[in-house]
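Just add 567 to the spot in the sequence shown (first one is 1) and you have my numbering.
Note that the Cβ used here is the ideal one computed from N, Cα and C, for glycine as well.
Note sheet for the following structure.
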Amino acid sequence: MENSESNNIIAKGSLLKGNLNVPGNIRLEGKVVGNVKSKSKIVCGETSVIEGNVNAVNAEIAGKVNGKVKVEELLILKSSCNINGDISTEKLIIESGSKFNGGCVMGEGLEKQKISKSSNLSSNNDK
């Protein structure tokens, strides 16, 4: 049985190579080379680095992410964050000073994006 109340920590100075998939919360202060997925919340501290995609219900990012960030509910980009990749989320808070390079899809746009991709994959070539 999965425990969604679990708390996991990757400490500063730690290096994890491989995908990380947890049922509960995770706090990252170290580096992960791989995808990070949580069925709850991901908190990335100022010293965290993720070389891969992030997928969670809620997330707060203060570190660096090189990959796509997909959050079902609320994504908070702290002033020290640096994201190089696309973002998709229901709600987004961006603090002054945060850096984000990529596309962003929010709220109702998420459903429209899913529908348009499945109905006509070649429509992007027409633009």
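Asked	Found
For E627, which residues does DSSP report across the bridge?	V610, I643
In this structure, what does DSSP give as the bridge partners for S605?	V589
So the beta strand (DSSP E) C648 belongs to, where does it begin and stop?	From DSSP, C648 is part of no beta strand (DSSP E); its letter is neither H nor E.
So the candidates are G664, S663, I654; which of them puts its Cα closest to the Cα of G670?	I654
Are E627 and E639 touching if we call contact CB-CB under 8 Å?	no
Going by DSSP, what residues sit across from K666 in a beta bridge?	N649
Specify the secondary structure class of K584 as computed by DSSP and reduced to three states.	strand
Pick helix, strand or coil for S655, following the three-state DSSP scheme.	strand
Can you give me the C-alpha to C-alpha distance between I660 and I609, rounded to a whole angstrom?	15 Å
Please state whether DSSP places E572 in a helix, a strand or coil.	coil
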